[in-house]
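The numbers in the working numbering rise by one with no breaks, and the one at position 41 of the sequence shown is 43. Below is one structure, written out as structure tokens, with a few remarks after it.
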Amino acid sequence: MGTRNHIFSVFSFIGFALVSILLPFHLRAKSIGTCAFIVWTGLLCLNGFVNSVVWNDNVVNWAPVWCDISSRLAIGGRVAIPATSLCITCRLHSLLRLRPRVNSTRRRKNKKRFIFWMDLFIVLGIPVLSMVLAYVIQYQRFIIFEELGCHYSLYNTIPAFPLYGIWPVVIGLITAVYAGLIFRAIIQRKMRLNEFMQRDWRIGSHQCWRLTGVVIAVFICSFPTSLWYLVEDILLGPAQPWPGWKVVHASNSEIAQFTNEMWQFGNSVALYEWERWCYVVYAIIFFTLFGFTTEAKKNYRLAFRFVFRRCTKKSLSQSFFLDPNVGSSVANLLFWLTGPKDQSRSTCLHFLLVPPSGVFTVRTR
């Protein structure tokens with residue numbers, strides 16, 4: 003494995019782990035946009051990690067089914083991340099418009115239901131639709147690049163631009179418009195962000211600015227490169243007129259394989275490398291903004307205590323041929339030292355001071 007691929011494998015797995023840690027907190031916040039961003043980013047980091055490990059220094063078709071899934075995931079991912087950013091921006095904009103609250107319970111429920119399905123369509127429906135439409139211009143089953151792994155293969159035809167190439171650019175432009183409206187509302191109306199965020203979305207102003215930071219980072223990283231890809235496709239050669247379904251899909255069962263010497267030349271290296279590294283960058287940025295908050299640290303402590311108590315109780319009760327009560331008593335002591343300061347600590351202390359009978363009985367084989 004080359005040094006560059008070594009580094010990517012490590013960072014892609016780290017990116018997957020970092021965003022996965024933050025998912026439970028955002029699930030409780032019921033934010034579809036941020037949850038979808040975490041899921042898509044985590045899946046794409048994991049996809050890149052598996053491809054970089056399995057197809058290191060080879061182009062053997064080890065797992066055809068995996069490559070089918072991986073190539074489709076790559077198509078959806080280039081649309082999904084900008085789409086989740088658009089979803090976050092739309093929700094922030096709708097919350098900052100200073101519209102009067104709906105007093106009717108039925109109307110409020112209908113509005114929430116509409117927002118839910120609209121968000122779900124943006125973060126899931128649009129990426130899935132892009133995968134389906136990309137099949138129209140797919141002329142090979144997939145491509146295997148050395149080190150990069152599985153990749154999709156599309157026909158350079160005029161319908162490819164509306165069916166595939168232009169989606170991230172259009173989504174990025176819409177996101178930029180919404181982001182501009184958000185900043186305009188904040189500056190001109192001098193809103194009290196805490197009041198509006200906590201009232202309708204259970205988040206504060208700090209959370210709002212972090213989400214805005216994610217949107218800006220995604221736009222900076224995705225929009226210029228998407229525009230670059232589009233220009234590269236146009237300048238690569240004149241796009242062919244649509245030759246017909248049978249011509250495009252005549253080689254649909256074929257699998258192309260490219261070693262490093264065959265694909266690492268010119269701008270293609272930077273394009274393909276950024277295509278897999280961008281998701282690692284998104285994961286690191288997201289964790290930097292959300293991974294060090296007070297709520298996140300609290301979740302880390304709770305998770306650590308839960309795992310520590312489970313592992314300690316099991317290991318101490320089963321080791322050294324001691325009676326299980328011994329392990330339970332020692333585990334209670336550790337819980338009393340590390341656990342929360344509530345009534346459970348006093349209960350735990352009672353079992354320490356008054357241990358069960360036979361607690362010091364040593365088992366014999």
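Heads up, the beta-carbon is just placed ideally off N, CA and C, and yes, glycines get one too.
The residues VAL81, ALA85, in chain order, have a CB closer than 7 Å to that of ILE128 in the same chain once the five nearest residues on each side in sequence are set aside.
If the five residues before and after GLY50 are omitted, its C-beta is found closer than 6 Å to the C-beta atoms of SER14, ARG278, all from its own chain and listed in chain order.
Counted as a single uninterrupted DSSP element, the beta strand (DSSP E) harbouring ALA258 occupies residues 257–260. For THR177 and GLN242, the gap between their C-alpha atoms comes out near 31 Å.
Note that the C-beta distance between VAL220 and SER72 is not below 7 Å.
Assignment of beta strand (DSSP E) within the stretch 69–138, counting only whole runs of 3 or more residues, yields no such run. Counting C-beta atoms within 10 angstroms of its own C-beta, ALA305 has fewer than 16 neighbours from the protein chains shown and is therefore classed as exposed. DSSP lists ILE145 as the bridge partner or partners of HIS153.
THR159 has GLN242 as its beta-bridge partners, per DSSP.
Ranked by how close their Cα comes to the Cα of ARG6, the residues VAL21, SER96, ASP59 have ASP59 in first place. In this structure, LEU94 places its C-beta atom within 7 Å of the C-beta atom of ILE184. LEU25 has its alpha-carbon roughly 24 Å from the corresponding atom of PHE116. In this structure, VAL21 places its C-beta atom within 7 Å of the C-beta atom of THR43. Under DSSP, GLN140 takes part in a beta bridge, and its partners are LEU156. Taking the Cβ atoms as the reference, ALA38 lies roughly 7 Å from CYS89, within the contact range of under 8 Å. Taking C-beta atoms as the reference points, SER224 and TRP169 fail to come closer than 7 Å. By the Cβ test, the stretch 147–165 is in contact with the stretch 256–265, since at least three Cβ pairs between them sit closer than 8 Å. For SER14, the uninterrupted alpha helix (DSSP H) segment begins and ends at 5–31. DSSP places ASP59 in the coil class of the three-state scheme, outside both helix and strand. Sixteen is the threshold: when 16 or more other Cβ atoms of the shown chains lie within 10 Å of the Cβ of GLU148, as they do, the residue is buried. Taking a contact as a CB-CB distance under 8 Å, the pair TYR141 and VAL250 counts as one, their CB atoms being some 5 Å apart. The beta carbon of SER11 lies closer than 7 Å to those of PHE51, SER54, VAL55 in the same chain, with the five residues before and after it left out. THR290: member of the alpha helix (DSSP H) spanning 270–292, first to last residue. In the three-state DSSP reduction, PHE267 falls in the coil class, being neither helix nor strand. Cβ-Cβ separation between PHE144 and ASP235: approximately 19 Å, too far for a contact (criterion under 8 Å). Classified as buried, SER33 has 16 or more neighbouring CB atoms from the shown chains inside 10 Å of its CB. Judged by beta-carbon spacing, GLY167 lies beyond the 7 Å limit of LEU238, meaning their Cβ atoms are not closer than that value. Just measuring C-alpha positions, the residue of ILE83, THR214, LEU150 sitting nearest LEU273 is LEU150. Cβ contact annotation for ALA19 (same chain, cutoff 6 Å, sequence separation greater than five): none. Within its own chain, the residues whose Cβ lies closer than 7 Å to the Cβ of LEU45, once the five positions on either side in sequence are excluded, are LEU75, listed in chain order. DSSP places TRP247 inside the alpha helix (DSSP H), whose first and last residues are 247–250.
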